[in-house]
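Visitor: Residue numbers (this note's numbering), protein chains in the order written: chain D, 1 to 239; chain C, 1 to 239; chain A, 1 to 239; chain U, 1 to 239; chain P, 1 to 239; chain B, 1 to 239.
Sharing a structure, written as structure tokens. Questions coming.
6 protein chains.
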Amino acid sequence: MTGARDPEEGAIFEKLLQVSTDSAWAVCSSMGYPNSFIEGLTAIQPDRKMVGRAITLRYVPIRPDLRAQEQAKGSALNKRAVELSGPGDILVVDSGGETGAGFIGDVILTRFIVRGGAGLVVDGAIRDLHYLRTVGLPLYIRGAHAAGSGRRIIGIGLNEVVRCGGVAVVPGDILLGDAQGVLAIPREIAREVADRAYATEHKENFLRATLQKGIRTIDEVYPPSDEVLREYEEFKRHG
Amino acid sequence: MTGARDPEEGAIFEKLLQVSTDSAWAVCSSMGYPNSFIEGLTAIQPDRKMVGRAITLRYVPIRPDLRAQEQAKGSALNKRAVELSGPGDILVVDSGGETGAGFIGDVILTRFIVRGGAGLVVDGAIRDLHYLRTVGLPLYIRGAHAAGSGRRIIGIGLNEVVRCGGVAVVPGDILLGDAQGVLAIPREIAREVADRAYATEHKENFLRATLQKGIRTIDEVYPPSDEVLREYEEFKRHG
Amino acid sequence: MTGARDPEEGAIFEKLLQVSTDSAWAVCSSMGYPNSFIEGLTAIQPDRKMVGRAITLRYVPIRPDLRAQEQAKGSALNKRAVELSGPGDILVVDSGGETGAGFIGDVILTRFIVRGGAGLVVDGAIRDLHYLRTVGLPLYIRGAHAAGSGRRIIGIGLNEVVRCGGVAVVPGDILLGDAQGVLAIPREIAREVADRAYATEHKENFLRATLQKGIRTIDEVYPPSDEVLREYEEFKRHG
Amino acid sequence: MTGARDPEEGAIFEKLLQVSTDSAWAVCSSMGYPNSFIEGLTAIQPDRKMVGRAITLRYVPIRPDLRAQEQAKGSALNKRAVELSGPGDILVVDSGGETGAGFIGDVILTRFIVRGGAGLVVDGAIRDLHYLRTVGLPLYIRGAHAAGSGRRIIGIGLNEVVRCGGVAVVPGDILLGDAQGVLAIPREIAREVADRAYATEHKENFLRATLQKGIRTIDEVYPPSDEVLREYEEFKRHG
Amino acid sequence: MTGARDPEEGAIFEKLLQVSTDSAWAVCSSMGYPNSFIEGLTAIQPDRKMVGRAITLRYVPIRPDLRAQEQAKGSALNKRAVELSGPGDILVVDSGGETGAGFIGDVILTRFIVRGGAGLVVDGAIRDLHYLRTVGLPLYIRGAHAAGSGRRIIGIGLNEVVRCGGVAVVPGDILLGDAQGVLAIPREIAREVADRAYATEHKENFLRATLQKGIRTIDEVYPPSDEVLREYEEFKRHG
Amino acid sequence: MTGARDPEEGAIFEKLLQVSTDSAWAVCSSMGYPNSFIEGLTAIQPDRKMVGRAITLRYVPIRPDLRAQEQAKGSALNKRAVELSGPGDILVVDSGGETGAGFIGDVILTRFIVRGGAGLVVDGAIRDLHYLRTVGLPLYIRGAHAAGSGRRIIGIGLNEVVRCGGVAVVPGDILLGDAQGVLAIPREIAREVADRAYATEHKENFLRATLQKGIRTIDEVYPPSDEVLREYEEFKRHG
């Protein structure tokens with residue numbers, strides 16, 4: 001149950017759940033995307049993996065005419081995003097690094113969870129961390145604050161390209177999160193990233209096990225010598 | 001056993017223990033105090049609530065003539081504050097954000113705990129984190145350092161208005177801490193803040209439960225439509 | 001089993017394992033080394049003590065001619081350091097605070113652990129935190145990043161004097177780490193630091209216990225009055 | 001010659017050229033816009049006033065698929081903005097604070113100057129400062145860098161609402177810059193801001209002259225006592 | 001015309017006007033005050049020396065009850081400080097590094113100049129930089145902002161010990177400012193600092209002149225060899 | 001008189017004096033060195049170009065055993081570097097960004113100037129800015145401080161590869177400085193960088209002049225259309 005929309009996406013999500021952001025980054029980088037790891041956020045659920053697709057929100061500093069424009073749309077930006085979301089969706093929020101107000105709190109996020117939301121990545125702050133750290137949803141945040149968004153920020157854009165932790169995130173990007181942070185993978189290359197990172201992960205598990213025997217040096221194993229490669233091929237054939 | 005000095009304060013403390021800093025901030029803000037949430041500190045006991053009243057300490061950069069003046073008072077500032085403290089007191093320390101020396105360590109804090117101290121909020125550093133993180137006292141700190149205060153700072157003021165994490169704290173303020181930080185509530189409005197935040201908390205618990213049924217949208221529930229409000233009134237009457 | 005190379009070092013390591021960085025810093029400072037506590041790193045295993053001796057690595061910003069020079073040495077800097085290491089060694093890495101790339105990942109660190117490595121202190125980032133936070137090795141890091149070193153840095157020096165978290169670390173320094181950070185102790189004074197810090201620790205445990213009885217004030221106990229000192233001498237004689 | 005498009009705008013520009021950002025901020029704040037002063041930029045021509053209207057550009061971190069999209073538009077974002085501009089226009093650039101690459105250099109800015117551009121406000125960096133500081137155009141920048149934009153950023157939006165120095169800037173905003181920074185004035189209130197700030201400026205000039213006589217105290221003059229107000233009315237009548 | 005109150009102070013001020021903050025710091029440091037140079041401020045009049053005595057002001061984050069208390073005192077803190085000031089006084093302002101609002105503007109500072117004020121040292125911001133940079137008063141500031149103090153801060157203390165740029169400043173301290181910043185000299189040692197720094201300055205001028213002849217190496221001259229010292233004694237006797 | 005050691009170096013220096021860091025960076029980047037512009041330093045003589053070759057110094061945080069080792073070498077690191085220097089040399093100093101102490105002051109720098117030193121690039125602080133800003137030597141510094149190096153740092157390495165403003169600098173690198181900062185050019189590519197940057201500069205001067213006529217759009221001129229290129233070839237032939 002990965003929240004995927006179709007078998008193709010499901011296959012990607014399944015594989016990504018078994019790889020680290022490091023293995024996936026290495027593939028992204030080799031395919032032209034070295035600047036894809038979101039920096040500077042704290043993982044509130046470091047023991048959980050996160051996989052899903054990006055819905056983006058953009059906030060700018062508070063200004064009354066912009067607030068009036070948002071109100072004229074009938075509902076605040078975070079609520080519109082949440083109602084738009086479904087299983088496997090992750091909210092990616094560009095608050096410009098502002099940590100003096102939270103863009104969302106426990107009530108609206110409850111609705112997001114009910115709709116199947118897979119995680120939250122915020123270059124800024126959330127509210128209600130006291131409660132939200134207990135519900136299991138993967139959260140990557142720059143901070144938490146008791147104040148509502150109106151103290152500092154106002155929502156201005158839904159599903160635009162945004163800046164988040166030094167990375168450009170495009171709506172629909174596949175996101176992979178683990179204890180150290182979040183990788184934004186362009187959808188066009190996600191299948192290849194998942195496949196190749198999974199292969200890397202499998203091999204590196206073997207290499208670590210080889211090293212743990214205490215016989216070979218790091219130069220024999222990483223990158224693997226021909227002999228170690230043969231052992232790995234053997235391992236793959238026979239388990 | 002909240003450390004309150006009288007039933008009035010006890011009622012406030014009891015209620016605040018059941019609310020989040022978010023709900024309390026919203027009331028503070030509506031009463032003219034939007035700038036009351038202390039920012040930038042780390043909660044060392046994020047699973048514990050903290051409620052109490054502020055004793056303030058002010059430190060400035062170390063200077064030998066000021067150290068001589070402090071010594072002439074017979075005892076260091078932190079020790080005088082600790083002996084002054086009683087049940088329900090919280091030390092709020094303005095070290096100007098200095099994290100290159102701790103203003104207090106395990107021995108002096110042991111005395112504070114014995115006297116009933118309820119917590120520590122430091123815009124600066126403490127020492128002995130290795131030990132102090134195990135004793136259960138809520139700690140909100142900018143950092144921890146092995147060095148004693150004399151490496152960088154000297155105590156200069158007891159129970160003055162201080163700056164802490166971007167907020168002015170007045171001695172006697174009621175403090176509420178949870179996983180995301182600490183709210184400084186002026187004593188004059190603490191009763192109303194406690195009452196109204198408690199009511200908010202009660203209602204938002206209901207709204208979250210309503211959303212968890214998965215039927216209503218966020219726009220129906222938050223803020224609640226007339227129908228949801230009626231359900232809530234019903235809920236309050238019948239549990 | 002401390003990883004010590006000889007009984008002398010073993011005695012030092014044993015004692016240091018029982019003291020805090022605070023007690024040890026106080027001795028270092030009194031012996032002329034007040035600037036010995038490494039600042040600004042996060043302890044990934046805050047419940048574990050770390051004791052060992054420093055192997056240092058220096059990285060500078062990436063540059064192709066320097067990369068070519070490193071490659072000409074046959075193996076990358078981190079791999080050479082790991083093969084050089086043995087029981088009780090700790091890698092101290094000066095990456096100039098760069099957190100946009102990790103200097104080491106899970107495979108190479110597995111070899112370090114197999115060789116008996118005692119810890120890692122990095123003024124910069126590592127990779128594979130998802131895995132490495134589960135293996136028990138004490139890690140003190142400024143950050144973690146999915147990218148390999150080549151994105152930002154290149155190894156330039158092994159066992160030079162380095163800068164790390166505001167402290168100069170000399171190869172062979174004895175390092176002591178606890179929940180709040182790492183102390184770099186010059187080898188020449190390590191025996192005295194261990195002995196005197198152990199004595200301090202023993203006495204302060206007694207002083208805390210004395211305070212916990214709730215009878216004496218902090219001014220009687222810290223520093224101890226003649227009477228409390230007599231009680232402590234008594235305690236030392238009879239347990 | 002203010003670059004105004006019509007007499008109405010011309011009257012606003014003329015008056016704003018004679019007021020400080022302080023006087024104009026005070027009016028903005030009283031009309032609900034306290035968060036309108038752009039912070040953290042350096043004025044390269046601190047002796048020159050800047051007045052004009054905002055054209056906004058938004059950049060995000062570099063990413064190859066976004067670069068391909070920009071290239072498909074036929075021309076880079078900064079070039080499209082420059083060809084769009086005319087007399088009185090000011091480019092306001094949201095580069096997210098990135099100072100590791102310049103979004104524009106001397107050649108493209110020469111075209112902007114030829115078209116009558118009135119200034120540049122960049123939450124990020126420019127190139128060619130060596131030359132551009134000599135051409136007289138008011139520049140407000142976070143930094144300058146020798147590298148072209150492709151090292152770090154890519155243009156993504158023209159005339160969107162943007163974040164700049166902690167302020168939301170809407171395309172068409174009237175901007176006023178002096179030695180200390182830039183104020184973003186919503187077009188709807190610009191006339192009133194110009195009129196009232198001009199009146200303030202006139203009065204404060206008189207108050208400073210009054211103080212310079214050395215007879216009255218600050219409490220008599222600021223805010224002015226009835227007597228000083230009468231003197232000011234007299235002054236206004238007779239020069 | 002140094003603004004000194006008596007011949008003793010006049011002699012100190014005269015000498016300090018001829019020394020650098022470096023020479024004076026060296027004496028302060030040798031007398032136990034190494035932490036006396038205020039860091040992180042920008043000199044707005046880098047070509048002017050500043051000498052005077054400190055009047056201190058302390059601001060904390062804005063809070064309505066504190067504002068009411070200040071208003072009850074009849075006049076704002078900055079105005080009270082200005083009316084208190086006389087020739088040779090320097091305002092030293094602890095705004096906690098806040099640069100989002102100015103604590104003072106052109107009108108009130110005009111009164112300060114009329115009263116003979118000698119300078120301004122602000123760990124925070126001023127307003128009206130456009131005007132104030134033209135009046136010649138030495139200004140050392142962290143920033144400038146168009147907003148009045150009420151946006152962020154409130155005055156709380158006059159002539160208390162304050163923190164400013166990492167240094168404790170005591171009311172009455174003698175301040176010396178040059179292009180690189182400001183030194184706070186305790187009054188008790190100011191005479192000796194002025195005398196010894198003046199002597200150092202005189203000797204170093206000679207040493208620089210000696211080096212400019214191009215014959216001696218730096219090791220012969222700094223510190224001076226016996227021969228160079230003899231030349232210096234000769235120089236002192238004969239000019 | 002560029003301080004070059006031989007005609008080859010002289011030709012490089014002459015050409016670099018006529019190009020901007022931007023043009024030179026573009027060539028460096030195209031040859032594999034995009035990370036060559038030193039960031040975050042302030043130019044004290046922004047109107048002067050700087051060209052020369054790097055002598056590097058490395059400082060680490062102060063520590064008494066390291067100070068004893070430096071003293072055993074007979075002379076402090078900065079003095080040894082200065083006596084080693086000759087015409088065209090530039091000191092590049094890695095102080096790890098430390099601005100709490102200056103690594104050099106007016107007396108030692110006077111000797112450097114006498115020996116023909118061409119500039120100073122410091123990832124840290126100098127002393128005596130009051131004097132040194134008047135002597136014309138190009139200075140690129142992170143800060144200035146009245147305190148001597150012993151307050152914070154100690155010299156540890158001469159002519160090692162160092163980190164400076166986010167760039168690796170190798171001894172012997174050719175440095176080019178202008179108003180916006182300093183470019184470090186590997187010696188192996190300096191000739192080609194100088195030649196190609198000079199050609200770029202020449203062409204861009206023509207393109208700016210073309211634009212200033214106000215007829216062509218930026219898309220016709222930058223990059224130049226075939227027609228503009230023909231005009232440029234014409235211009236080169238006939239002046």
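All C-beta atoms in this analysis are idealised placements derived from N, C-alpha and C, irrespective of residue type, glycine included.
Using a Cβ-Cβ distance cut-off of 9 angstroms, determine whether N35 of chain D contacts chain U.
Guide: The residue you call residue 35 of chain D lines up with position 35 of the first sequence. Cβ-Cβ to chain U under 9 angstroms: yes for N35 of chain D.
Visitor: Which residues in the same chain as L158 of chain U place their Cβ atom closer than 7 angstroms to its Cβ, once the five residues preceding and following it in sequence are excluded?
Guide: Here the question's residue 158 of chain U lines up with position 158 in the fourth sequence. Result list for L158 of chain U: L57, L77, R80, A81, in chain order.
Visitor: Below 7 angstroms on C-beta distance, what does L129 of chain A contact in chain D?
Guide: The residue given as residue 129 of chain A occupies position 129 in the third sequence. In chain order: A179, Q180.
Visitor: Is there a Cβ of chain A sitting closer than 9 angstroms to that of D195 of chain D, yes or no?
Guide: Reading the first sequence from its first residue, position 195 is the one you call residue 195 of chain D. No - not a single Cβ of chain A is within 9 angstroms of the one on D195 of chain D.
Visitor: Give me whichever residues DSSP pairs with F37 of chain P in a beta bridge.
Guide: To locate residue 37 of chain P, count along the fifth sequence from 1; it is residue 37. Partner(s): P:L183.
Visitor: Are the C-beta of D226 of chain C and some C-beta of chain P separated by less than 9 angstroms?
Guide: The residue labelled residue 226 of chain C in the question sits at position 226 within the second sequence. No, D226 of chain C does not count as interfacial toward chain P.
Visitor: Using a threshold of 9 angstroms, state whether the C-beta atoms of F37 of chain U and G181 of chain U are closer than that.
Guide: By one-based count along the fourth sequence, residue 37 of chain U stands at place 37. By one-based count along the fourth sequence, residue 181 of chain U stands at place 181. Closer than 9 angstroms, so yes.
Visitor: Spatial neighbours of E231 of chain A within its chain, please: C-beta separation below 6 angstroms, excluding the five flanking residues on both sides.
Guide: By 1-based counting over the third sequence, the position of residue 231 of chain A is 231. Within the same chain, E231 of chain A has no close Cβ partners at all.
Visitor: Please specify which runs of the beta strand (DSSP E), each continuous and at least 3 residues long, are wholly inside the region 4 to 80 of chain U, giving them in chain order.
Guide: Within the region 4 to 80 of chain U, the complete beta strand (DSSP E) runs of at least 3 residues are 50 to 61.
Visitor: Under 7 angstroms Cβ to Cβ from V135 of chain B, same chain only, skipping five residues before and after it: list those, please.
Guide: Counting from 1 along the sixth sequence, the entry for residue 135 of chain B is found at position 135. Around V135 of chain B: I113.
Visitor: Step through the CB atoms of chain P and report whether any lies within less than 9 angstroms of the CB of R208 of chain U.
Guide: Translated into positions along the fourth sequence, residue 208 of chain U becomes position 208. So, interface residue.
Visitor: State the Cα-Cα distance for the pair V121 of chain P and L139 of chain D, rounded to the nearest angstrom.
Guide: Residue mapping note: residue 121 of chain P aligns to position 121 of the fifth sequence, counting from 1. Residue mapping note: residue 139 of chain D aligns to position 139 of the first sequence, counting from 1. If you take the alpha carbons of V121 of chain P and L139 of chain D, they lie about 43 angstroms apart.
Visitor: For the structure I just gave you, are there three or more beta carbon pairs, one from the region 203 to 218 of chain U and one from the region 156 to 172 of chain P, closer than 8 angstroms?
Guide: Output reads no: the region 156 to 172 of chain P does not touch the region 203 to 218 of chain U.
Visitor: Is it true that the CB of E70 of chain U sits closer than 9 angstroms to the CB of I154 of chain U?
Guide: In the fourth sequence, the residue the question calls residue 154 of chain U occupies position 154. In the fourth sequence, the residue the question calls residue 70 of chain U occupies position 70. Yes, they are a contact pair.
Visitor: Could you tell me which residues DSSP puts in a beta bridge with L158 of chain B?
Guide: On the sixth sequence, position 158 is the one that residue 158 of chain B refers to. Bridge partners of L158 of chain B: B:L57.
Visitor: Have a look at the DSSP bridge pairing and note the partners of P224 of chain B.
Guide: The sequence position of residue 224 of chain B within the sixth sequence is 224, counting from 1. In the DSSP output, where bridge partners are listed per residue, P224 of chain B has B:V221.
Visitor: Which word fits T42 of chain U, buried or exposed, when buried means at least 16 other C-beta atoms lie within 10 angstroms of its C-beta?
Guide: Here the question's residue 42 of chain U lines up with position 42 in the fourth sequence. T42 of chain U should be labelled exposed.
Visitor: Measuring only the C-alpha atoms, how far is P46 of chain C from G124 of chain A?
Guide: Here the question's residue 46 of chain C lines up with position 46 in the second sequence. Here the question's residue 124 of chain A lines up with position 124 in the third sequence. For P46 of chain C and G124 of chain A, the distance between alpha carbons rounds to 27 angstroms.
Visitor: So, does the CB of P138 of chain D fall closer than 9 angstroms to a CB anywhere in chain A?
Guide: Mapped onto the first sequence, residue 138 of chain D falls at position 138. Chain A contact via Cβ: absent.
Visitor: Quick one: which chain B residues come within Cβ less than 7 angstroms of G105 of chain U?
Guide: If you number the fourth sequence from 1, residue 105 of chain U lands on position 105. In chain order: D22.
Visitor: Along chain A, in chain order, which residues have C-beta atoms closer than 8 angstroms to that of R80 of chain B?
Guide: Numbered from 1 along the sixth sequence, position 80 holds the residue referred to as residue 80 of chain B. Neighbours of R80 of chain B on chain A: none; closest Cβ ~17 angstroms, over 8 angstroms.
Visitor: Verify whether the separation of the beta carbon atoms of Y59 of chain A and D94 of chain A is less than 9 angstroms.
Guide: Counting from one through the third sequence, the residue named residue 59 of chain A turns up at place 59. Counting from one through the third sequence, the residue named residue 94 of chain A turns up at place 94. Yes, these two residues count as a Cβ contact at 9 angstroms.
Visitor: Which value, in whole angstroms, describes the spacing of the CA atoms of S30 of chain D and L132 of chain D?
Guide: Residue numbering aside, residue 30 of chain D sits at position 30 when the first sequence is read from its first letter. Residue numbering aside, residue 132 of chain D sits at position 132 when the first sequence is read from its first letter. About 37 angstroms.
Visitor: By the criterion of Cβ-Cβ separation under 8 angstroms, what are the contact partners of V60 of chain P in chain C?
Guide: Numbered from 1 along the fifth sequence, position 60 holds the residue referred to as residue 60 of chain P. Going along chain C in sequence order, the residues near V60 of chain P (Cβ under 8 angstroms) are V161, V162, R163, A168.
Visitor: Interface residues of chain A around I108 of chain C at Cβ under 7 angstroms?
Guide: If you number the second sequence from 1, residue 108 of chain C lands on position 108. Within chain A, the residues near I108 of chain C are I218, Y222.
Visitor: I218 of chain A to K203 of chain A, Cα distance in whole Å?
Guide: Within the third sequence, numbered from 1, the residue matching residue 218 of chain A stands at position 218. Within the third sequence, numbered from 1, the residue matching residue 203 of chain A stands at position 203. Their Cα atoms are separated by approximately 15 angstroms.
Visitor: Could you tell me whether any Cβ in chain A is nearer than 9 angstroms to the Cβ of Q18 of chain D?
Guide: Counted from its first residue, the first sequence places residue 18 of chain D at position 18. With 9 angstroms as the cut-off, Q18 of chain D does not count as an interface residue toward chain A.
Visitor: Could you name the residues that DSSP lists as bridge partners for A168 of chain B?
Guide: Your numbering for residue 168 of chain B matches position 168 in the sixth sequence. In DSSP, A168 of chain B forms a bridge with B:R163.
Visitor: Drop a sphere of 10 angstroms on the beta-carbon of P223 of chain D, count the other beta-carbons inside from all chains shown, and report buried for 16 or more, exposed for fewer.
Guide: Mapped onto the first sequence, residue 223 of chain D falls at position 223. Exposed, because fewer than 16 other Cβ atoms sit within 10 Å of the Cβ of P223 of chain D.
Visitor: Which chain C residues are close to H145 of chain D, counting only those with a beta carbon under 8 angstroms from its beta carbon?
Guide: The residue given as residue 145 of chain D occupies position 145 in the first sequence. Here the neighbours are F37, E39, Q180, G181.
Visitor: Since L245 of chain U is in the alpha helix (DSSP H), which residue starts that stretch and which ends it?
Guide: Not covered by the structure: residue 245 of chain U. The range shown for chain U is 1 to 239.
Visitor: In angstroms with no decimal places, state the Cα-to-Cα distance between T21 of chain P and V107 of chain P.
Guide: Counting from one through the fifth sequence, the residue named residue 21 of chain P turns up at place 21. Counting from one through the fifth sequence, the residue named residue 107 of chain P turns up at place 107. Rounded to whole angstroms, T21 of chain P to V107 of chain P spans 31 angstroms at the Cα level.
Visitor: Determine the burial state of L229 of chain B: buried for a count of at least 16 other Cβ atoms within 10 Å of its Cβ, exposed for fewer.
Guide: Within the sixth sequence, residue 229 of chain B is the residue found at index 229, counting from 1. Per the 10 Å Cβ criterion, exposed.
Visitor: According to DSSP, is A118 of chain U part of a helix, a strand, or is it coil?
Guide: Stepping through the fourth sequence from its first residue, residue 118 of chain U is reached at position 118. Coil.
Visitor: Would you say R191 of chain P faces chain C, with C-beta separation under 9 angstroms as the test?
Guide: Taking the fifth sequence and counting its residues from 1, the one referred to as residue 191 of chain P is at position 191. No - not a single Cβ of chain C is within 9 angstroms of the one on R191 of chain P.
Visitor: Which first and last residues belong to the beta strand (DSSP E) in which D195 of chain D is found?
Guide: Within the first sequence, residue 195 of chain D is the residue found at index 195, counting from 1. Note, D195 of chain D: premise wrong, no beta strand (DSSP E); alpha helix (DSSP H) at 190 to 212.
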